[in-house]
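Structure record follows, encoded as structure tokens.
In full-length UniProt numbering, the protein residues as written are 1 to 119.
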């Protein structure tokens with residue numbers, strides 16, 4: 001039973017200068033992420049590296065978007081959110097690259113906010 005708390009991911013990976021833990025704010029990615037509860041583990045990127053959830057700088061802060069390439073020769077990306085109340089956006093690769101900060105590599109779901117705050 002003492003191995004129950006043994007880390008399944010080595011601590012040096014989580015403390016890597018290549019990764020950041022970012023709090024999720026707002027409801028745009030609900031239900032995947034619960035704003036003001038959950039966190040995302042981010043790896044910095046400077047461009048599109050495939051479908052996934054990305055962090056973009058939006059002038060007034062950072063936001064999470066689900067990003068995928070559109071079909072055709074337009075070289076556009078579709079930026080969507082998981083909450084259907086938000087409309088999709090389309091950006092060129094160049095526009096995307098000027099605002100992208102990172103890609104989500106893991107979701108951190110908080111189950112008990114009180115215990116986390118007390119830790």
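Don't be surprised by glycine CBs; every beta carbon is placed ideally from N, CA and C.
Quick caveat, the model's predicted, so the values are computed rather than measured.
Put simply, the backbone Cα of residue 33 is about 15 Å away from that of residue 86. The beta-carbon distance between residue 115 and residue 57, rounded to whole angstroms, is 32 Å. This is too long to meet the 8 Å contact definition. Assignment of residue 71 by DSSP, reduced to helix, strand and coil, places it in the coil class. Cβ atoms of residue 107 and residue 31 stay farther apart than 8 Å, at about 11 Å. Rounded to whole angstroms, the gap between the alpha carbons of residue 45 and residue 75 is 19 Å.
Distance from the CA of residue 67 to the CA of residue 98, rounded to the nearest whole angstrom, comes to 15 Å. If you look at residue 118, you'll find it in the alpha helix (DSSP H) that goes 113 to 118.
One thing to note: residue 77 has its Cβ within 8 Å of the Cβ of residue 69.
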